[in-house]
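Just so you know, the sequence shown maps onto residues -28 to -1, 1 to 103 in mature numbering (1 follows the signal peptide of the UniProt record, and there is no 0). All C-beta atoms, glycine included, are put in the ideal place defined by N, C-alpha and C.
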Amino acid sequence: MARFSSSHHSFITFLSFILVLFLEGVTAATFTFINRCDHTVWPGILANPGSPNLESTGFELKKGSSRSFQGPTGWSGRFWGRTGCKFDDSGHGSCATGDCGSGQVECNGAGVTPPATLAEFTLGSGAQDFY
């Protein structure tokens, strides 16, 4: 049987708390990230080709905090958790797990380096969303 590290379990715990709080008709969805881990995590966000970037492509989320983003109808992309990140005062660095390879807090269009657990969403029209 495979053994998973505590970082892997932290990813699963973190991603299980990514919530879609509510839909505003068919115009948008709100994605809320809540960190219920006992340590800081750095979510990564990657919009699929043809979808606009959300307000951020990566950010720091301290223990017990939350942050929300609006996704427009038609948006599709993925979210993942990064742990063990070390960034300098100018925002340059890397993460031990889930690193996106941009060398920055923001992923800027770079995807995740495996292994990582992803949550993928497509905000369709007519209340047809997929995840």
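- The DSSP assignment places 16 to 19 as complete runs of the beta strand (DSSP E) inside the region 6 to 33, in order along the chain (cut-off: 3 residues).
- Distance check between residue 59 and each of 25, 31, 35, 94 places 31 closest, using alpha-carbon atoms only.
- For residue 42, the enclosing beta strand (DSSP E) stretches over residues 38 to 44.
- Looking at 85, 4, 44, 22, the one whose alpha-carbon comes closest to that of residue 95 is 44.
- Our two residues, residue 35 and residue 51, have alpha carbons roughly 18 Å apart in a direct line.
- Under the DSSP assignment, residue 49 falls in the beta strand (DSSP E) whose first and last residues are 48 to 52.
- In the three-state reduction of the DSSP assignment, residue 56 falls in the coil class.
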